[in-house]
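Working notes for the structure below.
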Amino acid sequence: MVKVKDIVSRFAEFAPPFMAEKGDPIGLQLGSLEAEVHKLMVTLDVRPEVVQEAIKNKVDFIFAHHPAMFKPIKQFDLADPQNRMYAELLKHNITVFAAHTNLDNANGGMNDWLAEKMNLKKTSILLPAKHEQMFKLAVFVPQKDAPKMRAALGAVDAGKVGNYNNCSYSLEGVGRFQPNNQAHPTIGKKGSLTEVEEEKIEVVLPARKKSAVLKAMFTAHPYEEPVFDLFKIEEFGQKYGMGRIGFLEEPQTVRQYAEFCKKIFKLQSLRVVSKEPNKKIERVAVLGGSGGKFYPEAQQQGAQLYVTGDISYHTGHDILASGLSALDPGHHIESICKEKLLELFTKWNVENDWKLRLIASKLNTDPFMFI
Ligand SMILES: [Zn+2]
């Protein structure tokens, strides 16, 4: 039977928690990682009506983009509708998990989904990209034990470089040691200096694999006291970051592209900030969620149009004065995550034989309506 922890650890390979922005309350929101899961529902938001939908559909795991608990609870007073929602979740044994800015920042995640939907080509990361912290491990083993050690390290993804697995480098040399009376040497005798033909094996590994790799290394090493070096290396891990910038296939006017966005996101209306709505543009940036404050970065990267949600009145003024054009289709366009998450979970469900029933919330959780 598949548990919450199995599902979220598969998800962490795709959008690891370290990719989340500081202070973002991602991860387990409510419930237990040990809970068994039969039916999973993906949603953009966890709102009281979404919880009722989950109960009605006998869902036991809600996977959301927006964390359910942005504000910590001080009193669990059930007069508060938010608290009543938590109580309903607990009463029905529904676990809630959130993948927020880690999903925004992930390669192939939210911002790539938006860029793809918006037909942007040759996209790159909009905000300064970050790199995953990498480590280099060098371990010294007797030459005869080297193949076993290399296999053990490779099995926990040490030495994974892009599309290449089991990458390592070896040097042969001589190791020396003198065990004292308390030692239990695998090779050599207490009190006498021993020389062993050894191999130094070097591999790279991402920070998030550090404990698994060290555990594998200690398990595979024949010595009582394995000798190894482990150090941080710079700028090597996978790049990730917020927002995307790319090109339109053909130049279009701001107005035409605004109409296109209305259509693809099924919007009744959207807000346009532009001094020249009839000007043709081709370099477009997008950032899902509330990205108004990042318009200078879009402009710096040559964007002629910036698409993001929740642009405020004064930010609108600043954008207008800067000469950039912007579209605010609202925050709710992120609901495209429902179909995309469903695709991912469907794929992993088959690959891992989880036998889960999977659904997406059918509710529109946009708090705004237009009349
Ligand atoms: Zn959002």
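Residue numbering for the sequence shown follows our numbering, starting at -4 and increasing by one per position. No residue lacks a Cβ here, since even glycine has one placed at the ideal position from N, Cα and C. Note that this is a predicted model, so its numbers are computed, not measured.
query, result
"Identify every run of the alpha helix (DSSP H) within the segment 226 to 278, keeping only runs that are complete inside it and at least 4 residues long; order them along the chain.", "249 to 259"
"Ignoring anything shorter than 4 residues or poking outside the segment 112 to 189, list the alpha helix (DSSP H) runs there in chain order.", "141 to 150"
"Can the beta-carbon of K(-2) be found less than 9 Å from the beta-carbon of R352?", "no"
"Quick one: complete beta strand (DSSP E) runs, 3+ long, within the segment 53 to 85?", "56 to 59"
"Going by the beta-carbon positions, is the gap between I240 and R278 smaller than 9 Å?", "yes"
"So A101 and F172 are supposed to be a Cβ contact under 8 Å. How far apart are they, rounded?", "Not really, about 45 Å apart at Cβ, beyond 8 Å."
"Shorter than 8 Å, the distance from the beta carbon of G284 to the closest heavy atom of ligand 1, or not?", "yes"
"Whole angstroms are fine: how far does the CA of L300 sit from the CA of L319?", "6 Å"
"Ligand 1 heavy atoms versus the CB of F329: any closer than 8 Å?", "According to the sequence provided, residue 329 is Glu. The question's Phe does not apply to it. It does: the Cβ of E329 is within 8 Å (strictly closer) of some heavy atom of ligand 1."
"Is it the case that the Cβ atoms of S285 and G304 are separated by a distance below 9 Å?", "yes"
"Could you check the C-alpha separation between G157 and G103 for me, to the nearest Å?", "15 Å"
"Short of 6 Å in beta carbon distance, which residues of its chain neighbour S163, apart from the five on each side in sequence? Order them along the chain.", "R145, G154, I196, V198"
"Go ahead and pull the three-state DSSP assignment for S330.", "helix"
"Between which two residues does the beta strand (DSSP E) harbouring Y218 extend?", "Looking at the DSSP string, Y218 is not in any beta strand (DSSP E), and its letter there is neither H nor E."
"Going by the DSSP bridge assignment, what does T303 pair with across the sheet?", "L282"
"Assign I110 to buried or exposed, taking buried as 16 or more other Cβ atoms, counted over all protein chains shown, within 10 Å of its Cβ.", "It is worth fixing the name first, because residue 110 is Ala in this sequence and not Ile. Buried is the call here."
"For H179, count neighbouring C-beta atoms within 10 Å of its own C-beta (all shown protein chains included) and say buried if the count is 16 or more, exposed if not.", "exposed"
"Please state the DSSP three-state secondary structure of K(-2).", "strand"
"Spatial neighbours of D75 within its chain, please: CB distance less than 6 Å, with the 5 preceding and 5 following residues excluded, ordered by chain position.", "none"
"Please report how far the alpha carbon of K342 lies from the alpha carbon of K185, in whole angstroms.", "56 Å"
"Considering only residues of the same chain and omitting the five flanking positions on each side of K227, which have a CB-CB separation below 7 Å?", "Q128, F130"
"With three or more beta-carbon pairs closer than 8 Å as the criterion, would you say the segment 258 to 277 touches the segment 82 to 94?", "no"
"Does E192 come out as helix, strand or coil in the three-state DSSP assignment?", "strand"
"Determine the contact status of I331 and Y235, defining contact as a CB-CB distance below 9 Å.", "no"
"Just reading off the alpha helix (DSSP H) that K51 is part of, what are its end residues?", "43 to 51"
"Where does V37 sit, in a helix, a strand or coil, going by DSSP?", "strand"
"For R42, which residues in the same chain have their Cβ closer than 7 Å to its Cβ, ignoring the five residues on either side in sequence?", "T360"
"For L319, which of helix, strand or coil comes out of DSSP?", "coil"
"Specify, as a first and last residue, the run of the beta strand (DSSP E) that L98 falls within.", "Unbroken run through L98 is the alpha helix (DSSP H), 96 to 100; no beta strand (DSSP E)."
"Skipping 5 residues on each side, what residues in its chain have a beta carbon closer than 7 Å to that of S27?", "V(-1), T90"
"Would you mind stating whether P62 and A93 have Cβ atoms separated by less than 9 Å?", "yes"
"Whole angstroms are fine: how far does the CA of Q233 sit from the CA of K53?", "39 Å"
"Cβ-heavy atom distance between H87 and ligand 1 below 8 Å?", "no"
"Just mark A293 as buried or exposed, buried being the case when its beta carbon has 16 or more other beta carbons within 10 Å.", "buried"
"Report the partner residues of I354 according to the DSSP bridge assignment.", "M36"
"Quick one: residues in its chain with C-beta nearer than 7 Å to the C-beta of M237, no 5 flanking neighbours on either side, listed in chain order?", "D99, N100, N106, L121, L122, L282"
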